[in-house]
Amino acid sequence: MDGAEQQQEGGEQKLSKKQLNKLAKQQKKQEAKEAASAAQGQQQEQGGDEEDVSAGKYGAYGLIQSGEVKDIKFTELKDIDESMHGQDIWVRGRIHAIRAKGKTCFIVLRSGVYTLQIGVFVTEKVSKAMLKFVSAVSRESIVDIQGTVQKVDAPVESCTQKTVEVHAFELWVVSAAKGQLPLQIEDAMRRAPTEEELANDKENKLATVNLDTRLDNRVLDLRTITSQGIFAVQDGVGYHFRRLLRQRGFREIHTPKIISAASEGGANVFTVSYFKGSAYLAQSPQLYKQIAIAGDFGKVFTIGAVFRAEDSNTHRHMTEFVGLDLEMAFKFHYHEVMLTIGEVLIGIFKSLQAEFADEIAAVNQQYPAEPFKFVEPALVLKFADAIALLRENGVEIGDEDDLSTPQEKFLGKLVRDKYKTDFYILDKFPLAVRPFYTMPDPHNPKYSNSYDMFMRGEEILSGAQRIHDPDFLTERAKHHGIDIGKIQAYIDSFRYGCSPHAGGGIGLERVTMLFLGIHNIRLCSLFPRDPKRLTP
Ligand code: ATP
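If you read the sequence shown in full-length UniProt numbering, its first letter stands for residue 1, the second for the next number, and so on.
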């Protein structure tokens with residue numbers, strides 16, 4: 001499907017291809033007309049016949065409809081530094097900020113998490129008319145600029161490329177931002193000011209944009225350096241999860257998202273109409289990845305949407321998130337799996353720190369956070385030992401209670417102080433707080449072969465050895481009051497022999513949020529869904 005058709009499907013008005021082509025042509029004509037009249041107007045103001053030394057070096061391309069190939073080599077903003085002093089280069093980016101005064105105009109050009117200062121000065125190579133045209137280009141427009149790289153004496157504090165600027169002598173508008181922006185990109189990416197800073201902010205220069213406005217205008221909010229950093233890191237999490245699991249012999253699978261019975265026993269599922277009946281949206285790929293193990297896939301993982309009909313309006317819950325799930329057959333002990341997951345997560349953290357230093361720094365400008373700390377191999381604590389640590393520090397909690405969110409956070413702090421790590425594994429949870437398919441601990445039936453993993457004191461993974469004996473599984477399901485009829489196919493899949501196995505489910509947005517030390521999961525979801533938000 002091409003872009004025009006996609007637009008048609010997504011848009012409210014359905015336009016034919018012919019109408020779309022006509023519209024595109026009209027738009028192109030209009031843009032060319034505007035550019036010509038702007039250039040003409042400037043020439044007239046300049047004194048009519050005075051020759052424009054920049055003629056043919058500025059304006060708008062008009063609609064790029066792939067009519068011609070241009071042989072221009074562009075340089076990425078991130079690659080521009082003082083070693084390029086004196087070179088003429090082309091760059092493409094957005095006008096992040098623009099300020100004109102007299103015969104000069106300064107632009108901050110932005111691309112991803114990088115920014116570069118561009119200077120336009122009236123010289124023998126740059127006309128007044130060009131300066132005037134450039135000064136009127138709106139913020140957020142996409143432009144092509146040709147100019148000379150210049151080392152600067154004092155660092156350019158407002159840009160990521162601090163040691164250089166580019167002196168432009170050619171500028172073309174690729175796509176103009178029209179109309180008033182519903183929010184300023186700079187405001188949306190500003191660190192929340194302290195009370196003292198706010199008190200001194202007489203000219204309202206420290207304005208920020210509230211989360212709802214940002215999410216309502218997500219297309220602009222995604223352009224902020226912060227969002228660019230967040231989603232680069234998130235991409236890295238998914239990429240390295242795949243890479244490290246494949247390296248260990250895991251196979252990627254895809255499980256159904258429309259299911260006939262709730263995977264975890266009934267509650268918290270969205271019902272959807274399904275022809276004459278109804279179906280559910282999967283709240284995890286749990287049962288299917290286990291059936292894949294019974295089907296001799298050995299080690300599997302899947303990355304996909306997970307739905308939870310929970311009315312949880314917290315900083316870390318959404319109604320749809322991306323699950324990074326894995327399941328693995330083991331020989332004798334589920335720790336084979338638990339430690340593999342620990343290794344994979346540590347591998348992800350290391351790769352993120354090695355590859356995304358610029359993006360992490362970009363996010364930290366808006367959301368300052370301590371660098372994520374971890375020890376290798378991963379710290380493993382027994383649940384009972386964690387309870388003891390909490391009690392030593394004044395928390396009242398029963399042996400078989402689940403941890404509340406504040407208790408989890410406090411434990412995270414205690415563990416960080418004692419073991420110098422923001423990542424750890426808690427092993428052997430009380431059986432009573434885990435799902436029906438969890439294997440009990442053979443040595444103490446009050447506990448189970450299950451674990452959670454934590455980052456900065458918040459849960460990112462739940463996992464366990466699963467019961468692979470159908471009769472025992474039936475008994476445990478009944479104990480939990482589950483309607484056996486509804487999960488019969490799942491139970492039966494273990495009747496013909498199945499490897500012992502364990503696995504876990506990780507929330508992609510949680511890992512992104514907690515690795516970066518961000519305070520709200522919605523910032524780490526491209527288009528978050530929560531009980532109050534279903535758009536954009
Ligand atoms: P929590 O106790 O935080 O509600 P959970 O015990 O319900 O999580 P699981 O069902 O075990 O979580 O899901 C595994 C992982 O999926 C969690 O550790 C978390 O990373 C992520 N996750 C679970 N629920 C949500 C949610 N509503 N929004 C975003 N991520 C979630």
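Glycine included, each C-beta is placed from N, C-alpha and C at the ideal position.
Legend entry - Those residues which DSSP pairs with LYS428 across a bridge: Position 428 of the sequence shown holds residue 428. None; LYS428 has no bridge partner.
Inset, instruction - Just grab the DSSP bridge partners of ILE506 for me. - result: Translated into positions along the sequence shown, residue 506 becomes position 506. Paired residues: LEU324 and LEU461.
Inset, instruction - Would you mind reading off the limits of the alpha helix (DSSP H) that contains SER493? - result: Counted from its first residue, the sequence shown places residue 493 at position 493. Unbroken run through SER493: none, as it is neither H nor E.
Inset, instruction - Can you give me the start and stop residues for the alpha helix (DSSP H) that HIS335 sits inside? - result: Residue numbering aside, residue 335 sits at position 335 when the sequence shown is read from its first letter. Segment 335-355, the alpha helix (DSSP H) holding HIS335.
Inset, instruction - Determine the direct distance from the alpha carbon of ALA97 to that of GLN44, and round the result to whole angstroms. - result: Sequence index remark: in the sequence shown, residue 44 carries index 44 (1-based). Sequence index remark: in the sequence shown, residue 97 carries index 97 (1-based). Confidence at GLN44 is low in this model, with a pLDDT of 49, below 50, so its placement is unreliable and the value that follows should be read with caution. Those two C-alpha atoms are separated by around 28 Å.
Legend entry - Backbone CA spacing between PRO445 and HIS479 [nearest angstrom]: On the sequence shown, position 445 is the one that residue 445 refers to. On the sequence shown, position 479 is the one that residue 479 refers to. One C-alpha to the other measures close to 14 Å.
Inset, instruction - Just mark GLY398 as buried or exposed, buried being the case when its beta carbon has 16 or more other beta carbons within 10 Å. - result: Taking the first residue of the sequence shown as position 1, residue 398 is located at position 398. Burial call: exposed.
Legend entry - Beta-carbon proximity list for ILE346, same chain, < 8 Å, skipping 5 on both sides: Numbered from its first residue, the sequence shown carries residue 346 at position 346. Only PHE374, GLU376, PRO377, ALA378 and PHE423 meet the Cβ criterion.
Inset, instruction - Write down the C-beta distance between ILE341 and LEU326 rounded to the nearest angstrom, noting that I regard them as a contact closer than 8 Å. - result: Within the sequence shown, residue 341 is the residue found at index 341, counting from 1. Within the sequence shown, residue 326 is the residue found at index 326, counting from 1. With 8 Å as the limit, ILE341 and LEU326 qualify as a contact, their Cβ atoms being about 7 Å apart.
Inset, instruction - Can you give me the start and stop residues for the beta strand (DSSP E) that MET453 sits inside? - result: What you label residue 453 is simply residue 453 of the sequence shown in a count that begins at 1. Run containing MET453: 450-455, per the beta strand (DSSP E) assignment.
Legend entry - SER141 beta carbon less than 7 Å from that of ILE95: Position 95 of the sequence shown holds residue 95. Position 141 of the sequence shown holds residue 141. Result yes, Cβ atoms of ILE95 and SER141 sit closer than 7 Å.
Inset, instruction - Decide if GLN180 is buried, meaning its Cβ has at least 16 other Cβ atoms within 10 Å, or exposed. - result: Position 180 of the sequence shown, counted from the first residue, corresponds to residue 180. Per the 10 Å Cβ criterion, exposed.
Inset, instruction - Would you identify the three-state DSSP class for LYS101, choosing helix, strand or coil? - result: Position 101 of the sequence shown, counted from the start, is the residue given in the question as residue 101. Secondary structure of LYS101 (DSSP, three-state): strand.
Legend entry - Beta-carbon proximity check, VAL337 vs ALA464, cutoff 7 Å: Position 337 of the sequence shown, counted from the start, is the residue given in the question as residue 337. Position 464 of the sequence shown, counted from the start, is the residue given in the question as residue 464. No, the Cβ-Cβ distance between VAL337 and ALA464 is not below 7 Å.
Legend entry - Length of the line joining the Cα atoms of ILE521 and THR319: The count along the sequence shown starts at 1 and reaches residue 521 at position 521. The count along the sequence shown starts at 1 and reaches residue 319 at position 319. Rounded to whole angstroms, ILE521 to THR319 spans 11 Å at the Cα level.
Inset, instruction - For MET1, count neighbouring C-beta atoms within 10 Å of its own C-beta (all shown protein chains included) and say buried if the count is 16 or more, exposed if not. - result: As a working mapping, residue 1 is identified with position 1 in the sequence shown. Low confidence applies here, because MET1 scores a pLDDT of 43, under 50, leaving its location unreliable and the question unanswered by this model.
Legend entry - Contact under 7 Å by Cβ, ILE491 with THR474: Residue mapping note: residue 491 aligns to position 491 of the sequence shown, counting from 1. Residue mapping note: residue 474 aligns to position 474 of the sequence shown, counting from 1. For ILE491 and THR474, yes; Cβs fall inside 7 Å.
Legend entry - Beta-carbon gap between SER54 and SER127 smaller than 7 Å: The residue you call residue 54 lines up with position 54 of the sequence shown. The residue you call residue 127 lines up with position 127 of the sequence shown. In this structure, SER127 lies closer than 7 Å to SER54 by Cβ.
Inset, instruction - Just mark ALA154 as buried or exposed, buried being the case when its beta carbon has 16 or more other beta carbons within 10 Å. - result: Translated into positions along the sequence shown, residue 154 becomes position 154. Classification of ALA154: exposed, given that the 10 Å Cβ count is below 16.
Legend entry - PRO470 - DSSP class collapsed to helix/strand/coil: Position 470 of the sequence shown, counted from the start, is the residue given in the question as residue 470. If DSSP states are grouped into helix, strand and coil, PRO470 belongs with the helices.
Legend entry - CB contact flag (ALA168, ASP187, <7 Å): In the sequence shown, the residue the question calls residue 168 occupies position 168. In the sequence shown, the residue the question calls residue 187 occupies position 187. In this structure, ASP187 does not lie closer than 7 Å to ALA168 by Cβ.
Inset, instruction - Throw me the rounded Cβ distance for the TYR447 and PRO430 pair, which I believe falls under 8 Å. - result: Within the sequence shown, numbered from 1, the residue matching residue 447 stands at position 447. Within the sequence shown, numbered from 1, the residue matching residue 430 stands at position 430. TYR447 to PRO430, Cβ: 6 Å. Contact.
Inset, instruction - Check whether the Cβ of ARG246 sits closer than 6 Å to any heavy atom of the ligand ATP, and report yes or no. - result: Sequence index remark: in the sequence shown, residue 246 carries index 246 (1-based). Flag unset: Cβ of ARG246 not near the ligand ATP.
Inset, instruction - Please report how far the alpha carbon of THR314 lies from the alpha carbon of PRO531, in whole angstroms. - result: Residue 314 sits at position 314 when you count from the first residue of the sequence shown. Residue 531 sits at position 531 when you count from the first residue of the sequence shown. Answer to the nearest angstrom: the Cα atoms are 10 Å apart.
Inset, instruction - Could you tell me which residues DSSP puts in a beta bridge with HIS443? - result: If you number the sequence shown from 1, residue 443 lands on position 443. None, per the DSSP bridge assignment.
Legend entry - contact_flag[the region 285-303, the region 246-262] where n(CB pairs < 8 Å) is 3 or more: Enough Cβ pairs lie closer than 8 Å, so yes.
Inset, instruction - Let me know the secondary structure DSSP gives GLN283 once reduced to three states. - result: As a first step, residue 283 must be located in the sequence shown, where it is residue number 283. Three-state result, GLN283: coil.
Inset, instruction - Out of ALA267, LYS289, ASP441 and GLU355, point me to the one whose CA is closest to HIS254's CA. - result: As a working mapping, residue 254 is identified with position 254 in the sequence shown. HIS254 has its Cα closest to that of LYS289, out of ALA267, LYS289, ASP441 and GLU355.
Inset, instruction - Decide if the region 100-116 is in contact with the region 228-244; the criterion is three or more beta carbon pairs, one per stretch, under 8 Å apart. - result: yes
Inset, instruction - Count the other CB atoms, across all protein chains shown, that sit within 10 Å of the CB of LYS81; report buried if there are 16 or more and exposed otherwise. - result: Locating residue 81 in the sequence shown gives position 81, where the first residue counts as 1. In the sequence on display, residue 81 carries Asp and not Lys. Exposed.
Legend entry - Beta-ladder partner(s) of GLU170, from DSSP: What you label residue 170 is simply residue 170 of the sequence shown in a count that begins at 1. DSSP output for GLU170 lists GLN146 as bridge partner(s).
Inset, instruction - Report yes if the C-beta of GLY295 is less than 6 Å from at least one heavy atom of the ligand ATP; otherwise report no. - result: Numbered from its first residue, the sequence shown carries residue 295 at position 295. Flag unset: Cβ of GLY295 not near the ligand ATP.
Inset, instruction - Please say whether VAL380 and ASP427 have beta carbons closer to each other than 7 Å? - result: On the sequence shown, residue 427 is found 427 positions in, with the first residue counted as 1. On the sequence shown, residue 380 is found 380 positions in, with the first residue counted as 1. In contact: ASP427 and VAL380 (Cβ atoms closer than 7 Å).
Inset, instruction - For PHE121, I'd like the list of residues in its chain whose CB is within less than 7 Å of its CB, leaving aside the five on either flank, ordered along the chain. - result: For the purposes of this step, residue 121 is identified with residue 121 of the sequence shown, where counting begins at 1. So the qualifying residues of the chain are LYS103, THR104 and HIS167.
Legend entry - Same chain only: Cβ atoms within 8 Å of GLY470, ignoring 5 sequence neighbours per side: As a working note, residue 470 is residue 470 in the sequence shown. Before going on, a small fix: residue 470 reads as Pro here, not Gly. Correct list, in chain order: ILE491, ASP492, PHE494 and ARG495.
Legend entry - Nearest-angstrom Cβ-Cβ length linking ILE259 and ALA279, presumed shorter than 8 Å: Start at 1 with the first residue of the sequence shown, and residue 259 comes out as number 259. Start at 1 with the first residue of the sequence shown, and residue 279 comes out as number 279. Yes, ILE259 and ALA279 are in contact; Cβ-Cβ is about 7 Å, under 8 Å.
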